[in-house]
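A.B. asks:
2 protein chains.
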Amino acid sequence: MLQPDSLFSDRMADVPKSFIREILKTTVSPEVISFAGGLPNRELFPIQEVRQAAVGVLDAYGAEALQYATSEGLYELRQWISQRYRSQQQLDIHPDNIIITTGSQQGLDLIAKILINEGDSLGLEEPGYLGAIQAFALYRPSFRPVPLHFDGLDVQALARSLDRFQPKLFYTVPSFQNPSGISHSNANRDAVAEVFRNSCTLLIEDNPYGEIRFSGEQLRSYAARLPDRTVLLGSFSKIFVPGFRIGWIAAPDRLMEKLTVAKQAADLHTNYFAQRVLLQYLQTSSIDEHITRIRDVYARQKQAMTAAIAREFPASVRCSNPDGGMFLWAVLPDGIPAREVFDAAIKENVAFVPGDPFYVDGRAASTMRLNFSCVDEDGIAEGIARLGTILRTRIGE
Amino acid sequence: MLQPDSLFSDRMADVPKSFIREILKTTVSPEVISFAGGLPNRELFPIQEVRQAAVGVLDAYGAEALQYATSEGLYELRQWISQRYRSQQQLDIHPDNIIITTGSQQGLDLIAKILINEGDSLGLEEPGYLGAIQAFALYRPSFRPVPLHFDGLDVQALARSLDRFQPKLFYTVPSFQNPSGISHSNANRDAVAEVFRNSCTLLIEDNPYGEIRFSGEQLRSYAARLPDRTVLLGSFSKIFVPGFRIGWIAAPDRLMEKLTVAKQAADLHTNYFAQRVLLQYLQTSSIDEHITRIRDVYARQKQAMTAAIAREFPASVRCSNPDGGMFLWAVLPDGIPAREVFDAAIKENVAFVPGDPFYVDGRAASTMRLNFSCVDEDGIAEGIARLGTILRTRIGE
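Okay, structure coming up:
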């Protein structure tokens with residue numbers, strides 16, 4: 153008979169359970185004001201444009217749009233991404249260096265798959281993106297976290313970590329990060345890039361939120377500073393729709409063959425009809441106008457959240473003030489576990505994600521992720537007021 | 153600087169290059185009659201029905217159809233698959249035991265990911281499905297091939313292999329296999345199941361072509377014989393459209409949690425809009441009528457191929473006579489490398505896939521895969537006539 157103990161591969165032993173999934177289960181009730189989600193605001197999805205694009209694709213391409221296709225993805229879509237890199241970030245990325253992936257989540261899986269042996273050092277910022285921690289954990293690296301501060305990576309700690317561990321790759325979301333909303337400042341990027349320049353480490357720059365900027369200075373990509381050693385991950389989930397699962401990976405030449413092999417083994421190719429519909433949308437609608445609408449709504453909601461926090465939270469709770477994206481980060485005075493605050497909050501029908509799962513050591517964190525993309529301004533004011541009451545009571549200010 | 157030699161993970165060392173891709177590149181010219189492809193016939197795609205379903209989904213569900221969704225997949229679609237198992241194969245598979253995957257290719261990746269450690273024995277039939285060999289190779293198993301004969305697996309060789317290597321899993325496509333078109337007969341399945349019953353091995357039964365039967369007796373699934381140790385892989389690519397990349401994995405309870413974790417890490421979930429469109433199609437159109445159309449066309453084309461082979465091929469070339477699917481297998485007299493035949497054939501503008509990539513040892517095979525789903529009856533007669541001339545010359549009959 154099958155031996156239960158030996159059934160699974162070793163790589164399944166270290167994968168963190170999705171704590172957020174468990175949290176979200178407790179927050180589905182309609183009375184709960186939830187800052188726990190991580191979804192784009194569905195009110196902004198371009199439903200009619202998707203409808204027109206789907207019909208347009210089937211009328212124009214018919215069976216071709218429904219057949220098997222190349223593993224690298226639709227070439228015109230890769231061209232569009234290449235042109236977008238040029239127009240938005242002055243980056244010179246050839247379409248041949250882009251593979252369409254089934255969400256940027258797949259990009260995380262592919263890059264770890266082709267690069268990471270068990271025990272290899274893998275650097276990442278902390279707090280870090282949970283989806284990346286989960287994807288990477290399957291390949292059993294030794295995680296080498298570097299603290300993320302309100303203006304970016306801890307440069308000294310980064311230099312020490314690269315020097316000591318020589319990680320094969322380092323993962324970062326430098327703009328409007330999930331979970332923190334923090335961006336690396338341009339000055340921080342300069343210093344960070346200088347540290348990487350003297351290392352053997354490949355930098356994975358994940359940028360799902362970069363286009364959702366509503367204030368502050370433009371930030372230059374690490375790929376502009378370190379073109380030969382930066383792998384870019386991108387996504388249409390936050391600027392178009394997430395349900396299509398279309399992202400991409402852009403990498404230096406020497407990685408492309410192995411990435412293509414891994415992509416083909418993973419799912420042959422990304423949904424081709426969806427790629428065609430997306431391209432049709434990009435060619436016939438204005439995604440810039442659409443992004444402007446998203447920015448305006450998220451900007452107002454973020455503004456409502458920071459204003460409410462200023463009124464309601466004790467001064468000892470420090471918060472990020474993001475210039476874009478969907479999240480804001482609150483740091484509680486030392487020793488106050490965010491899980492305790494969560495337990496009190498859920499009794500008052502307000503939810504957030506305690507910081508615990510965003511640290512690879514699974515610590516009892518004193519940090520909170522607050523999502524502002526999916527709650528309207530009145531809900532934000534009310535929810536933050538309830539949280540403020542709980543925090544004032546707990547902290548005693 | 154980066155060290156090129158140490159750049160990639162060890163798992164990338166053993167992945168076979170897609171030989172078929174290279175072959176297909178040589179056969180894109182319109183003058184070539186190609187039996188080398190592996191595509192469903194695009195003339196049969198239900199374009200108008202997809203169009204109606206896409207519009208219907210957006211009108212009925214709007215933003216919901218475009219948002220992030222659960223990793224396991226759309227529950228009603230999993231219910232449909234569960235009911236289909238019951239109605240078509242008298243199998244009792246609960247929807248909770250089904251995960252929607254990004255094509256059945258992803259199912260191959262997930263099952264190997266959660267089960268296979270480097271060096272673990274993994275059994276498979278030989279010739280075997282190339283996509284599976286590629287997906288599995290990334291996890292560096294020791295492949296333990298078992299010969300596939302015209303009526304199914306070599307039972308003696310299977311018993312010896314299970315006894316000697318105790319493989320963690322064994323992979324098979326028992327109905328209308330790719331590449332051979334061979335099915336395990338019911339008698340063969342009885343004997344094979346008996347061998348597995350006395351082993352610790354999990355059976356992976358991949359069945360993308362099972363519904364495309366145009367003659368012969370119904371074959372009972374291994375899952376009916378070995379419900380506790382069979383993992384089923386399925387696909388809508390051959391009965392609906394491949395471009396949607398929708399497949400599924402159906403597994404015993406004890407595998408579901410790890411499969412779900414691996415699925416979430418791989419791409420969060422499969423394109424949700426496409427799942428909704430497919431479900432809408434299944435609810436508003438008759439897929440049974442559609443499958444009947446596919447069967448009729450493929451049956452005629454297979455008939456044309458077997459008739460032409462009887463006329464044109466030397467008697468010493470033995471061929472399978474599939475009751476379904478898309479492929480037919482030709483076994484040349486010993487010592488004649490199919491690659492030589494391929495080189496001669498391509499000069500005459502006819503193509504097929506030499507058997508080499510379907511064996512894990514990469515041998516110079518004396519076997520040929522002939523696809524009949526994408527060439528019409530006249531093209532089949534002409535292409536087989538050209539191949540017959542080449543074979544008669546080479547074999548000297």
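Protein chains in written order, with the working numbering: chain A, 153 to 549; chain B, 153 to 549. The beta-carbon is built from N, C-alpha and C at its ideal position, and this holds for glycine as well. Values in this document were obtained by computation on a predicted structure and should not be read as measured data.
Helix, strand or coil: how does DSSP classify I536 of chain B here?
C.D. replies: Looking at I536 of chain B - three-state DSSP - the assignment turns out to be helix.
A.B. asks: Hey, does G225 of chain B have any beta-carbon neighbour from chain A nearer than 7 Å?
C.D. replies: Chain A, which has no Cβ nearer than 7 Å to the Cβ of G225 of chain B, makes this no.
A.B. asks: According to the neighbour-count rule (16 or more other Cβ atoms, all chains shown, within 10 Å of its Cβ), is S161 of chain B buried or exposed?
C.D. replies: S161 of chain B is buried by the Cβ-count criterion.
A.B. asks: For C352 of chain B, list the residues DSSP reports as bridge partners.
C.D. replies: Beta-bridge pairing links C352 of chain B to no other residue.
A.B. asks: On the DSSP letters alone, give me the boundaries of the alpha helix (DSSP H) that G283 of chain A sits inside.
C.D. replies: Here the alpha helix (DSSP H) through G283 of chain A covers L282 to A289.
A.B. asks: If we ignore side chains and look at the alpha-carbon of each, how far apart do L290 of chain A and A533 of chain B end up?
C.D. replies: Each residue's Cα considered, the two are about 51 Å apart.
A.B. asks: I'd like to confirm the pairing. Which residues does DSSP put opposite G470 of chain B in its beta bridges?
C.D. replies: The sequence as given places Arg at residue 470 of chain B; Gly does not occur at that position. B:V483.
A.B. asks: Assuming I439 of chain B and I398 of chain B make a contact with CB atoms under 8 Å, what is their CB distance in whole Å?
C.D. replies: The Cβ separation is near 13 Å, so there is no contact.
A.B. asks: Should R406 of chain A be labelled buried (16 or more other beta-carbon atoms within 10 Å of its own) or exposed?
C.D. replies: R406 of chain A should be labelled exposed.
A.B. asks: Which two residues bound the contiguous beta strand (DSSP E) that contains V393 of chain B?
C.D. replies: Careful: V393 of chain B lies outside any beta strand (DSSP E) and carries neither H nor E.
A.B. asks: Quick one: is Q200 of chain B buried, meaning 16 or more other Cβ sit within 10 Å of its Cβ, or exposed?
C.D. replies: By the 10 Å Cβ count, Q200 of chain B comes out exposed.
A.B. asks: Quick check on the DSSP output: the alpha helix (DSSP H) that includes L310 of chain B runs from which residue to which?
C.D. replies: Run containing L310 of chain B: V307 to F317, per the alpha helix (DSSP H) assignment.
A.B. asks: Which residues of the segment 366-398 of chain A have a Cβ closer than 9 Å to any Cβ of chain B? Give them in chain order.
C.D. replies: If the cut-off is 9 Å between Cβ atoms, the segment 366-398 of chain A has D380, R381, S389, F392, V393, P394, G395, F396, R397 and I398 near chain B.
A.B. asks: Output the distance between the C-alpha atoms of A417 of chain A and I401 of chain B, rounded to the nearest integer angstrom.
C.D. replies: Distance between the alpha carbons of A417 of chain A and I401 of chain B: 16 Å.
A.B. asks: Establish whether the CB of V167 of chain A and some CB of chain B are separated by less than 7 Å.
C.D. replies: Answer yes: the Cβ-Cβ gap between V167 of chain A and chain B drops below 7 Å somewhere.
A.B. asks: From this set, B:L210, B:A215, B:D248 and B:L243, which residue's C-alpha is nearest G225 of chain B's C-alpha?
C.D. replies: Nearest option by C-alpha distance: B:D248.
A.B. asks: Can you name the start and end residues of the alpha helix (DSSP H) that G255 of chain B belongs to?
C.D. replies: Segment G255 to L267, the alpha helix (DSSP H) holding G255 of chain B.
A.B. asks: Which stretch, first to last residue, makes up the alpha helix (DSSP H) that contains Y213 of chain B?
C.D. replies: Looking at the DSSP string, the run of the alpha helix (DSSP H) that includes Y213 of chain B is I199 to Y213.
A.B. asks: Given that a residue counts as buried once 16 or more other Cβ atoms are within 10 Å of its Cβ, and exposed if not, what is P394 of chain A?
C.D. replies: So P394 of chain A ends up on the buried side.
A.B. asks: Rounded to whole angstroms, what is the Cα-Cα separation between N359 of chain B and V325 of chain B?
C.D. replies: Rounded to whole angstroms, N359 of chain B to V325 of chain B spans 6 Å at the Cα level.
A.B. asks: Within a Cβ cutoff of 8 Å, which residues of the same chain sit near T353 of chain B, ignoring the five residues on either side of it in sequence?
C.D. replies: Counting only Cβ-Cβ distances below 8 Å, and skipping sequence neighbours, we find G275, L314, Q318, P319, K320, L321, F322 and R381.
A.B. asks: Which residues mark the beginning and the end of the alpha helix (DSSP H) in which V298 of chain A is found?
C.D. replies: V298 of chain A -> not in any alpha helix (DSSP H); beta strand (DSSP E) instead, spanning S294 to H301.
A.B. asks: Could you check whether L262 of chain A and L420 of chain A sit closer than 7 Å to each other, using their CB atoms as the reference points?
C.D. replies: For L420 of chain A and L262 of chain A, no; Cβs fall outside 7 Å.
A.B. asks: Below 7 Å between beta carbons: does that hold for S437 of chain B and L484 of chain B?
C.D. replies: It is not a contact, given that the beta carbons lie outside the stated cut-off.
A.B. asks: How long is the line joining the alpha carbons of V512 of chain B and G280 of chain B, rounded to whole angstroms?
C.D. replies: Distance between the alpha carbons of V512 of chain B and G280 of chain B is about 8 Å.
A.B. asks: Does DSSP put S518 of chain B in a helix, a strand or coil?
C.D. replies: Three-state DSSP puts S518 of chain B in coil, outside helix and strand.
A.B. asks: If distances are taken between C-alpha atoms only, which option among A:P474, A:Q329, A:K499 and A:P379 comes closest to I245 of chain A?
C.D. replies: The candidate whose alpha carbon is nearest that of I245 of chain A is A:P379.
A.B. asks: Taking C-beta to C-beta, are P474 of chain B and G333 of chain B nearer than 7 Å?
C.D. replies: Against a cut-off of 7 Å, the Cβ pair of G333 of chain B and P474 of chain B comes out as a contact.
A.B. asks: Would M153 of chain A be called buried (16 or more neighbouring beta carbons within 10 Å of its own) or exposed?
C.D. replies: A caution first: M153 of chain A carries a pLDDT of 41, below 50, which makes its placement in the model unreliable, though a value can still be read off. With fewer than 16 other Cβ atoms within 10 Å, it is exposed.
A.B. asks: Taking the C-alpha atoms as reference points, what is the distance between Q286 of chain B and V449 of chain A?
C.D. replies: One C-alpha to the other measures close to 46 Å.
A.B. asks: Applying the criterion that 16 or more other CB atoms from any shown protein chain within 10 Å of the CB defines a buried residue, is P156 of chain A buried or exposed?
C.D. replies: Residue placement at P156 of chain A is poorly supported in this model, since its pLDDT is 45, which falls under 50; the coordinates are not used for a value here.
A.B. asks: Does the segment 366-377 of chain B come close enough to the segment 533-549 of chain B to have 3 or more Cβ pairs within less than 8 Å?
C.D. replies: Verdict: no, contact absent.
A.B. asks: Could you tell me whether the Cβ atoms of L243 of chain B and A376 of chain B are closer together than 7 Å?
C.D. replies: Yes, these two residues count as a Cβ contact at 7 Å.
A.B. asks: To which residues does DSSP link Y323 of chain A through a beta bridge?
C.D. replies: DSSP, once it has assigned bridges, lists A:L276 and A:I356 as partnering Y323 of chain A.
A.B. asks: For the structure I just gave you, are there three or more beta carbon pairs, one from the segment 487-495 of chain B and one from the segment 447-463 of chain B, closer than 8 Å?
C.D. replies: They do not touch, by the three-pair rule.
A.B. asks: List the residues that DSSP assigns as beta-bridge partners of V449 of chain A.
C.D. replies: V449 of chain A is not bridged to any residue.
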